[in-house]
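Novice: In numbering that gives the first Met the number 0, the protein residues as written are 0 to 459.
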Amino acid sequence: MVRRPVEGEVHVHYSQIYVESDPESFGPGLTEAFAGQTSGLCGAAIPGALWLSTGLHTGSVGFTVEVHDEAPPVDPVWEEVVEVSFRPVSERSTLTQWAGEASWELELAEIDYRVRYCGRGMDQARRRDTRTSEEPQVDSYLLQFWPAPPGPDRVVRQTAEIAAYWHDYARQQPPPPTPEERAEAERQVREAQEQAERKRLLAAEQRRWGGRLPSEALRAVRGNVRGLLGFDADLVHTLDAVGPERQRGVALLAARRACAAAGLDSLDWVAAALTALDERRPLPPPFDDTAHMWETLQRDPDVPHRTVGQAIPPERPPFDPPEILGARLRAGTRVLAVTRAPDPQPAPRPKELGSAVAVPLSPLAQGLPQLPELPGLPDQPGLRHPPTDESAEYGVMVTMGPPDPSLRVSQPHMALPAVTGAAEADPLQAALDAVYAAVVTYGEDYQALLDEVRAACEGS
Numbered sequence: 000m001v002r003r004p005v006e007g008e009v010h011v012h013y014s015q016i017y018v019e020s021d022p023e024s025f026g027p028g029l030t031e032a033f034a035g036q037t038s039g040l041c042g043a044a045i046p047g048a049l050w051l052s053t054g055l056h057t058g059s060v061g062f063t064v065e066v067h068d069e070a071p072p073v074d075p076v077w078e079e080v081v082e083v084s085f086r087p088v089s090e091r092s093t094l095t096q097w098a099g100e101a102s103w104e105l106e107l108a109e110i111d112y113r114v115r116y117c118g119r120g121m122d123q124a125r126r127r128d129t130r131t132s133e134e135p136q137v138d139s140y141l142l143q144f145w146p147a148p149p150g151p152d153r154v155v156r157q158t159a160e161i162a163a164y165w166h167d168y169a170r171q172q173p174p175p176p177t178p179e180e181r182a183e184a185e186r187q188v189r190e191a192q193e194q195a196e197r198k199r200l201l202a203a204e205q206r207r208w209g210g211r212l213p214s215e216a217l218r219a220v221r222g223n224v225r226g227l228l229g230f231d232a233d234l235v236h237t238l239d240a241v242g243p244e245r246q247r248g249v250a251l252l253a254a255r256r257a258c259a260a261a262g263l264d265s266l267d268w269v270a271a272a273l274t275a276l277d278e279r280r281p282l283p284p285p286f287d288d289t290a291h292m293w294e295t296l297q298r299d300p301d302v303p304h305r306t307v308g309q310a311i312p313p314e315r316p317p318f319d320p321p322e323i324l325g326a327r328l329r330a331g332t333r334v335l336a337v338t339r340a341p342d343p344q345p346a347p348r349p350k351e352l353g354s355a356v357a358v359p360l361s362p363l364a365q366g367l368p369q370l371p372e373l374p375g376l377p378d379q380p381g382l383r384h385p386p387t388d389e390s391a392e393y394g395v396m397v398t399m400g401p402p403d404p405s406l407r408v409s410q411p412h413m414a415l416p417a418v419t420g421a422a423e424a425d426p427l428q429a430a431l432d433a434v435y436a437a438v439v440t441y442g443e444d445y446q447a448l449l450d451e452v453r454a455a456c457e458g459s
């Protein structure tokens, strides 16, 4: 029985076409494919791959693939005949054009095959070089497979000068690597790839933390550490290093400064909370219940209506990670483009507000239900539930993307998280959360706050 998975014409570039069965490979390289062979038209030195040479440089050639149950006789019509051994390395084998432009399934079993590659008209095609679709066919080829144990490659028939050239080329190639040498080379490649990936991840983490790696305490802390990193990464590391006592002092300082900037420090219920922080006591009502705290802020007629321009962190240079090759170079004349993998581009997203905006709620917004709680997220300024009663004066907009300097934020709404943040059980998180909330409260004037916090860390 004979099966013909390919019959007709195929297109070749650079006098090449391939059989591939390794899904992890880009195909054989010229020197590797013919290593240690005496025949030069069908390179089989790479497991699971065949390099097939043609006379025509570019254009369509006649091509037939046959799969037999046993060795077929050699047809005298073929001028060039070589034989090699081949075993697919996966259940999917294909005849593949240059650069993967097209492929045909061969449906070969994962067993040992003898392969016969036959050609005719190779010298004429070589002289023609390129064939257009209107010109007659010049060269044609037959590729036959049948089950057989492995054996040495051989030249059965040779008449063309170009075939003699390729046979001589193959005989000049060194022997292929042993399985042990190949395994060691693959191990070295994997190790280099893993090292490059570790280097890339390390560079990304260092950039995220302002150019140096965080301590384990910083790496594990929750809350608004990421937000504060954008404004002053060095200060984040300084807060980590000063110890629990000074961290508590910074947290109290930030809470007091935020409340003063928002005009809340003169309110009895806010002053009581600041006193409790100073005396290391639990926060009194209404700060012991988040919903009650926001309700009190909303209903107290003495709360000043203060807004400030949004705090915009300084721009950072774009991340330039170590290069990653998008494709490897092929040996010989078959070369794929080498590109650096592009950074993932996020889909367009709306602008980030990040805090409460001093704008009236529209009737439509007033009728919306409260936002559900988001599990697993830290309590951050800007992620707030809007009041639903019609007397509400402030709303909350939560969007993603770069901050908009034209937006105004409500200072009283931003100041209260500085108080609750300063009461966190972990002194480091308390300092980070309180300072971040104070930065948002100060808005465009945040640098004055950060200078004072830095001086407090230095003990001055």
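Glycine included, C-beta positions come from ideal geometry on N, C-alpha and C.
#1: Please return the same chain residues whose Cβ sits closer than 6 Å to the Cβ of Arg-245, not counting the five positions on each side in sequence.
#2: Closest by CA to Asp-444, which one among Val-5, Pro-312, Arg-218?
#3: Between Leu-217, Glu-294, Leu-201, Trp-145, which lies nearest to Ala-108 when the distance is taken from Cα to Cα?
#4: So what does DSSP say about Leu-227, is it helix, strand or coil?
#5: For Val-76, which of Asp-138, Leu-415, Leu-94 has the nearest alpha-carbon?
#6: Can you list the beta strand (DSSP E) stretches of 3 or more residues lying completely in the stretch 125 to 198, in chain order?
#7: Work out the CA separation of Ser-14 and Arg-127 for me, nearest whole Å.
#8: Does DSSP put Val-17 in a helix, in a strand, or in coil?
#9: For my contact list, Arg-113 and Ala-70 are in at a C-beta cut-off of 8 Å; report their separation, rounded to the angstrom.
#10: If you follow the alpha helix (DSSP H) that Gly-7 is part of, which residue opens it and which one closes it?
#11: Closest to Pro-411 by C-alpha separation, out of Ala-430, Asp-432, Met-292, Glu-8, would be which residue?
#12: Would you identify the three-state DSSP class for Gly-42, choosing helix, strand or coil?
#13: Taking the alpha carbon of Arg-221 as the point to measure from, which residue in Ala-422, Gln-446, Ala-429 has its own alpha carbon closest?
#14: What whole-angstrom Cβ distance do Gly-54 and Met-0 have, given they're in contact under 8 Å?
#15: Report the start-end ranges of each beta strand (DSSP E) in the stretch 404 to 441 that is 3 residues or longer and not cut off at the edges.
#16: Under a Cβ-count criterion, where at least 16 other Cβ atoms within 10 Å of its own Cβ denotes burial, should Val-9 be classed as buried or exposed?
#17: Going by alpha carbons, who is nearest to Gln-36 out of Leu-273, Leu-217, Asp-287, Tyr-168?
#18: I want to check one thing, is the minimum distance from the CB of Asp-444 to the heavy atoms of the ligand MG below 8 Å?
#19: Counting pairs of Cβ atoms below 8 Å between the stretch 412 to 422 and the stretch 232 to 246, do you hit three or more?
#20: Check Val-235 in the structure and name its three-state DSSP category.
#21: I need the straight-line Cα distance from Glu-19 to Glu-65, nearest angstrom please.
#22: With DSSP collapsed to three states, give me the class of Arg-255.
#23: Could you tell me the alpha carbon to alpha carbon distance between Glu-6 and Arg-197, rounded to whole angstroms?
#24: With a Cβ-Cβ cutoff of 9 Å, do Ala-34 and Pro-151 count as a contact?
#25: Residues in the same chain with beta-carbon distance under 7 Å from Arg-181, minus the five sequence neighbours each way, listed in chain order, please.
#26: I'd like to check one pair, Ala-447 with Ala-414: are the Cβ atoms closer than 9 Å?
#27: How is Gly-99 classed by DSSP in three states: helix, strand or coil?
#28: For Glu-314 and Gly-210, what's the separation of their Cα atoms in angstroms?
#29: Compute the Euclidean distance between the alpha carbons of His-166 and Ile-16, then round it to the nearest angstrom.
#30: Determine the direct distance from the alpha carbon of Gly-61 to that of Pro-178, and round the result to whole angstroms.
#31: Where Arg-255 and Phe-230 are concerned, what is the direct C-alpha to C-alpha distance, given to the nearest angstrom?
#32: Among the candidates Glu-278, Glu-294, Asp-68, Phe-25, whose CA atom is the shortest distance from the CA of Glu-100?
#33: Can you find a C-beta in chain C that's less than 9 Å from the C-beta of Glu-82?
#34: Give the range of the beta strand (DSSP E) segment to which His-67 is assigned.
#35: What are the boundary residues of the alpha helix (DSSP H) that Glu-31 is part of?
#36: With Leu-227 and Leu-431 assumed to form a contact (beta carbons below 8 Å), what rounded beta-carbon distance in angstroms separates them?
Specialist: Taking the structure as given:
#1: none
#2: Pro-312
#3: Trp-145
#4: helix
#5: Asp-138
#6: 139 to 146, 153 to 156
#7: 12 Å
#8: The identity of residue 17 in the sequence shown is Tyr, whereas the question assumes Val. Residue state, collapsed to three classes: strand.
#9: 7 Å
#10: Per DSSP, Gly-7 belongs to no alpha helix (DSSP H); it is in the beta strand (DSSP E), 1 to 11.
#11: Met-292
#12: strand
#13: Ala-429
#14: Incorrect: roughly 31 Å between the Cβ atoms, too far for contact.
#15: 407 to 409
#16: buried
#17: Tyr-168
#18: The model on display carries no ligand, and the ligand MG is accordingly not part of it.
#19: no
#20: helix
#21: 16 Å
#22: helix
#23: 48 Å
#24: no
#25: none
#26: no
#27: helix
#28: 15 Å
#29: 17 Å
#30: 36 Å
#31: 20 Å
#32: Phe-25
#33: Protein chain content of the structure displayed is limited to a single chain, and chain C is not contained in it.
#34: 58 to 67
#35: 29 to 32
#36: 6 Å
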